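The C-terminal residue of the sequence shown carries number 142 in numbering that gives the first Met the number 0, and the numbering is unbroken.
A virtual CB, placed ideally from N, CA and C, is assigned to each residue, including glycine.
All values reported here derive from a predicted model rather than from experimental measurement.
Down below is the structure, laid out as structure tokens.
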Amino acid sequence: MLMGEYLHTLDKKGRFIVPARFREELGERFIITRGLDRCLFLYPRREWANLENRLKELPLAKAEARKFMRIFFSGATEVEIDKQGRALVPPQLRGHADLHKEIVIIGVSNRAEIWSKETWDAYSNESDLSFEQVAEKMIDFQF
Numbered sequence: 000m001l002m003g004e005y006l007h008t009l010d011k012k013g014r015f016i017v018p019a020r021f022r023e024e025l026g027e028r029f030i031i032t033r034g035l036d037r038c039l040f041l042y043p044r045r046e047w048a049n050l051e052n053r054l055k056e057l058p059l060a061k062a063e064a065r066k067f068m069r070i071f072f073s074g075a076t077e078v079e080i081d082k083q084g085r086a087l088v089p090p091q092l093r094g095h096a097d098l099h100k101e102i103v104i105i106g107v108s109n110r111a112e113i114w115s116k117e118t119w120d121a122y123s124n125e126s127d128l129s130f131e132q133v134a135e136k137m138i139d140f141q142f
């Protein structure tokens, strides 16, 4: 399981150090793609295969399903962790998440996410205020 929050930096080439606790779960090669809320999603290959199979079930007759699949898959790329524990974020994905120098990498169960520090700080500050409200709205979920 991927969990935790880690502050890192991107180097001039767009590489970041993958948190040591994530390396085993993500594997030497993993998938990075556009995420929601202006972040990037990182999937271990086995999770990516599961997600791909579920997305194949979306109805192709619906324009929104086609649009989502095009955007989601066109931004996806497989990356490899180098000997120094770094992975490269492709330029188009850095642009999507507005990544510059400081980034935050978080674990979200079966995937990791990369956020610009500024965007994450704003999101998490807003989320802290609504966390209890969101929890109350979740039906039949016990902590």
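Listed as beta-bridge partners of Gly106 by DSSP are Gly3 and Ala111. Per DSSP, reduced to three states, the secondary structure at Arg53 is helical. Assigned with DSSP and collapsed to three states, Glu63 falls in helix. About 12 Å separates the CB atoms of Val88 and Ile16; that is not less than 8 Å, and the two are not in contact. DSSP lists no bridge partner for Glu131.
Rounded to whole angstroms, the separation of the alpha carbons of Asp36 and Glu46 is 20 Å. Residue pairing from DSSP leaves Ala121 without any beta-bridge partner. Note that the C-beta distance between Met0 and Ser123 is not below 7 Å.
Excluding residues up to 5 positions away in sequence, Asp10, Arg14, Phe15, Ile16 and Val17 lie with their Cβ nearer than 8 Å to the Cβ of Arg85 in the same chain.
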